[in-house]
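Numbers in my numbering are just positions in the sequence shown, counted from 1, shifted up by 3.
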Amino acid sequence: MSKEKAKNDIIGRLRTIKGHIAGIEKMIEEDKPCDDILLQIAAIKASVHKVGLVILEEHAKDCLIHAEEGEKVEKEKIEKVLNTIVKFIK
4 MSKEKAKNDI
14 IGRLRTIKGH
24 IAGIEKMIEE
34 DKPCDDILLQ
44 IAAIKASVHK
54 VGLVILEEHA
64 KDCLIHAEEG
74 EKVEKEKIEK
84 VLNTIVKFIK
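Right under this line is the structure:
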């Protein structure tokens with residue numbers, strides 16, 4: 004995925020998440036059943052996780068794949084990506 008396409012994808016997903024959050028707020032105001040609200044919260048959690056994965060993928064590409072041809076990836080870049088992955092999955 005190109006960087007611009009990834010950026011647009013992330014922005015679209017974040018806007019969807021904002022809409023879901025507004026929907027949950029309305030559901031709470033209208034005293035909707037807890038299980039319906041929790042289902043929406045689960046959907047938001049999954050959406051936020053997906054946004055994180057897209058960002059992580061782009062970060063890894065920037066650090067590891069987009070090196071000049073024949074250029075070795077520096078150990079520091081690999082460690083940076085691995086540290087980011089560990090922080091994300093905790």
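In this text, a Cβ means the ideal position worked out from N, Cα and C, and glycines have one as well. Quick caveat, the model's predicted, so the values are computed rather than measured.
- DSSP places Lys75 outside both helix and strand once states are collapsed to three, so it counts as coil.
- Here Phe91 is not near Leu67, since their CB atoms are 8 Å or more apart.
- Here Ile27 is buried, its C-beta having at least 16 other C-beta atoms within 10 Å.
- Here Glu60 carries a helix assignment [DSSP, helix/strand/coil].
- CA-to-CA, the gap between Lys83 and Asp39 works out to about 40 Å.
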